[in-house]
Each structure stands twice: as structure tokens, then as C-alpha cells.
Amino acid sequence: MNEGKRVVHLTTVHHPHDPRIYHKECKSLKKAGFDVYLIAKETEAGVDKESGIKHIPIKDYTSRWDRMTKGACILYKQAKKLRADVYHFHDPELLPVAWLLKNNRNHVIYDIHEDYITSMQQKEYLPKPVRKLVARAYKKMEQFFTKKMELILAEKYYKDIYPDGDCVLNYPMVNTAFLEHQREGQMEDKLIYTGNVTDVRGAFLHAKLPLIDEQITMHYIGKCSTAFADEIYRIAGDQSDRIHIKGVDQYIPKEEIEQAYLEHNWLAGVAIFPETEHYMKKELTKFFEYMNAGIPIICSNFPVWKDFIDQYQCGITVDPHNDQEIKDALDYVRNHPKAAKKMGENGKKAVQEKLNWGAEETKLINIYQHLLNK
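Each residue of the sequence shown is one higher than the last, beginning at 24 in our numbering.
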């Protein structure tokens, strides 16, 4: 039914191995019989040719402005040549490109990964007085360009902003290595954080953990700028030798992150974020990844996060600015290994039975088939 239907995924921002774009959506569509192309920045490795997904590389510009102008123009020319049945794009800066690609013979899908309207008000590279103005201007621009597009939402609460969008949530694929892996023996005094390392994602709060607990070693696994790494080490001070960062100025592939979950008997996966409107409403992707790996979670006690942790009994929530609360949580998982193991098992069970990509894959394919049957 889907044979010969051409699908082109477009991104100038994300890595070609991005878990949502490549490993989940592109591979699921390929498996369903679509002819799948991915236009994304060039890398040394490219994409796995055996997957059958055709990667068209474009230059990776270091300048944001060059990426949004030169990169977008190159991407548009490449995409137009392919005459796709469906164009599926992932970056707000590609809204004008996607608008130009839309015609009466195709469909265009805007995959909304983030609440950009809220996050723009937290962009550190924008002066504070202009952030709200930029967010309002973006909202107007987005409404104009997306009038004839379909919207896919990666997060449940985005429905409040985009009521006409369809949720295809960013749940993990169940990893068979995690199914077989059992957390046995003494837990190590090691904490893991995975994903991009930034201030709003708790980088500097996590840097304090070796100061709060003298037994803890903090491991960051994800892309981190040199400047952020230097600041993390500075905050840790004389405990900086208990900070480990894998990913300074480099992208860490999904496979390496998943392997890291298996390398130690982690005490917990952490997501101790400062209060921001953007993250307080989200169910973090890293929650599902920690759960998938059977690792208890220690995270900020935002109401949405606390409700999630309480529902699945998979971790502990803390006041991100209360060192004693954080220390008590670390002591609890350390001194109650059976309870900590149960938290990990609860999380793993929830992912295996409910919070996984399987159901979301079906939703994605159904959306495509509905569009193409119109």
C-alpha cells in the first residue's frame, strides 16, 4: 500500500542519527514500505546504508545565520528535486522552506519537538527585553506558515498550544539488551545524566552533587561545549576529579548512550533542573531512557514531574535548590538497595508495557496513510 510513496525528512539542526528522526520515525516509515529520504547535515559516518534510508548530506555550518540562510537554501533545492509525497520537517527555522515546498500534490508535516514559543523566552543569546517580542513574532510567523500543514507533537502538553496537532510521543524503543540486563550486586556511587548539557537542563546543579555528597561521582554523557565543561569543573572546585564529561564539543550517538547505561550499576539517573516554564510541563525523554535501562530517577519536584514519578513509582523528586533534600535522596537509594532496585524495575516494566515507541509507531503510520488516502 505504501510502496513507491516518497517521504523526505528535513533538518538542518539535528544530527542525522537523531533518535526521534532517524532511529524511530525514518526507520518505522521504511519498515512500513515507504521510500524514505533524510536530508540532514553531513557527518563522517553518514547513516547505515543497510537501513535503506537514503541520506542526502548538506554542509554543517558553524554559524547559526549561515545555517538558517545558506543551509536552508541548499536543503530547499535538494528537497524540491525529490518531488516527495510527504515532506516531514523538524526545525522551526525551516518553516519558510516547508511553505515553499507545499503544493496541491503533496503533504507537509511539521514535527514539533519543543515548545518553541516558551523556550524562546529563555534563549541566553537573546537580550532579556526582546525575548517576549521574539516569541510573539515567532508565534505569528508559525501560524501563517503552518495553515496548510499537518502538525505532529512530541509532547502531550503541546496539545494546549496546538489543539489540531496529533501526538506522536517521544517514547523509547524497548532495548533487548536492557531486557536481559539485571541490576545485581552493590550499586556504585555513580550518577548518570544523558543528553545535551546546558544550564537550563541542570548542568550547574549537577556539578554541585559531588560537593553535596562526598561519595558521589557525576557522569555527563551528551554534547557539551568547552565553555560549559570549564564552568562545571569550576563549580565542582576541589571535587572536580569526581566529574566526568563524555561529549565535549561532540555528538554522542544513541548507541553509545545506551551502552553507557549498561557499563555501571548506576545509583540513579539525574534530572535536577532549575525552574523554567519550558521544562516544568514536560515529561523528559531521559525519564523514559532511565526507566528503559532500569535505573531509578532523581529529579526536580515540579508538579508534572512529581505526578509522573509517583504514578510509576520509579524514583524520588527533590527541591532542586535544597542540598539537604538532594543528599537525603542520594542516601536513601544508597542505603535502601532493594527499594532502589524496585524503582528501577517499576520503570522498566512501565516502558516495556506502555511507554514505548511501539504504539507511537502505529500512530505515525496511521497519520501518513490517512494523509495519502485523502
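Glycine included, C-beta positions come from ideal geometry on N, C-alpha and C. It should be emphasised that the depicted structure is a prediction, and the values quoted were computed from it without experimental measurement.
Assuming A95 and V120 form a contact by the criterion Cβ under 8 Å, report the distance between their Cβ atoms to the nearest whole angstrom.
5 Å
Return the CA-CA distance between D346 and I390, expressed in angstroms with no decimal places.
46 Å
Do you know how far the Cα of P233 is from the Cα of I258?
10 Å
Three or more C-beta pairs closer than 8 Å, one from the stretch 285-296 and one from the stretch 320-327: is that the case here?
yes
Going along the chain, which residues of its own chain have a beta-carbon closer than 8 Å to the beta-carbon of K125, five neighbours each way excluded?
Y110, V131, K171 and M172
Are there 16 or more other CB atoms within 10 angstroms of the CB of R265, so buried, or fewer, so exposed?
buried
Whole-angstrom Cβ separation of S263 and Y256, contact assumed at under 8 Å?
4 Å
Paired residues, beta bridge with K269 - DSSP
I244
Can you tell me whether T221 is helix, strand or coil according to DSSP?
coil
One question on the structure: do K82 and K93 come within less than 9 Å of each other, judged by their Cβ atoms?
Yes, the Cβ-Cβ distance between K82 and K93 is below 9 Å.
Residues that DSSP places opposite P80 in a beta bridge
A63
Go through the stretch 274-300 residue by residue and report every complete run of the alpha helix (DSSP H) that reaches 4 residues or more, in order.
277-286
Could you have a look at H40 and say whether DSSP puts it in helix, strand or coil?
Looking at H40 - three-state DSSP - the assignment turns out to be coil, as it is neither helix nor strand.
Coil, strand or helix - D183 by DSSP:
The DSSP-derived three-state label of D183 is helix.
Run the CB neighbour count on M164, radius 10 Å, all protein chains shown included, and call it buried at 16 or more, exposed below.
exposed
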